[in-house]
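Structure first, then comments.
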Amino acid sequence: MEKTDRTERLLALLLLQQMKGAPQRDKVMLLNLAGFSNLEIADILETTSAVVSQSLYEARRQPSRASGKAGARKRKVS
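Note that numbering that gives the first Met the number 0 gives residue 70 to position 71 of the sequence shown, counting from 1, and the numbers run on in steps of one.
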């Protein structure tokens, strides 16, 4: 095993440890942001690259949780 492979595996394990109990989509996003490919993420999470691709697609389509509905205007009831 190359040193880089070990380092990447260690990084993945540390990231996943921090996200214990988090939804898989959040784990996929974090690993993606850390620079792992869909195939690598699938291998780490023991799933398929199709599931990873779908998770990333759905996560990017949904508005940020932080934005919520705070900016939504309330409709005046007459």
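In this text, a Cβ means the ideal position worked out from N, Cα and C, and glycines have one as well.
Quick caveat: nothing in here was measured; it's all calculated off a predicted structure.
Cβ atoms of VAL27 and LEU55 come within 8 Å of each other, at about 6 Å.
Membership of ALA11 in the alpha helix (DSSP H) is indicated by the continuous run 2 to 17. According to the DSSP assignment, GLN23 belongs to the alpha helix (DSSP H) that extends over 23 to 32.
In the three-state scheme derived from DSSP, where H, G and I count as helix and E and B as strand, GLN61 is classed as coil.
Its Cα nearest to that of GLY34, the residue LEU14 stands out among GLU1, LEU14, LYS2.
LYS19 and ILE40 have their C-alpha atoms some 16 Å from each other.
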